[in-house]
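Under the numbering used here, the sequence shown has 35 at position 39, and the numbering climbs by one with no breaks. For glycine and all other residues, C-beta sits at the position ideal for the given N, C-alpha and C.
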Amino acid sequence: EGRMEVLPLLSLREIDEAYDRDPRDQTTPDDMNRLLQLIWHRQAGLSEDMTRVLLDIMSDCRTGRGRIPGRLPEHALQKKRRVMHKTGSLGGRANDVGFIELPDDAGAIAIAVY
């Protein structure tokens, strides 16, 4: 995965606890999936250009190869835009959210893994 943590996790306990208490930094997998659906259906309040930028960033995600992409069969990863995701990590947490495009332009599945 790369070097995400440069400090021992114990030294981050106080920061981690403050983060946990802050309601601005909280969501649930259900809420994240709702947001992903809004993004996919162009109803999240973003322009089409910004939606494309966001999806391009998610398509080019270089972290988390063992997260959503690592759990899919090889044939699901052959097309560049087949999996679009964004990882998140803090302290002992590892999250990944994104889209898995279905074959034959059948749409996409939104997924949030916490």
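Look at R67 here: in three-state DSSP terms it is helix. Relative to the Cα of R58, the nearest Cα in the group K82, T24, L73 belongs to K82.
Look at D92 here: in three-state DSSP terms it is strand. Residue environment for D92: buried (at least 16 other C-beta atoms within 10 angstroms of its C-beta). DSSP, read as helix, strand or coil, puts T47 in helix. Scanning its chain for C-beta atoms nearer than 8 Å, with the 5 sequence neighbours on each side dropped, one finds around E44 the residues R38, in chain order.
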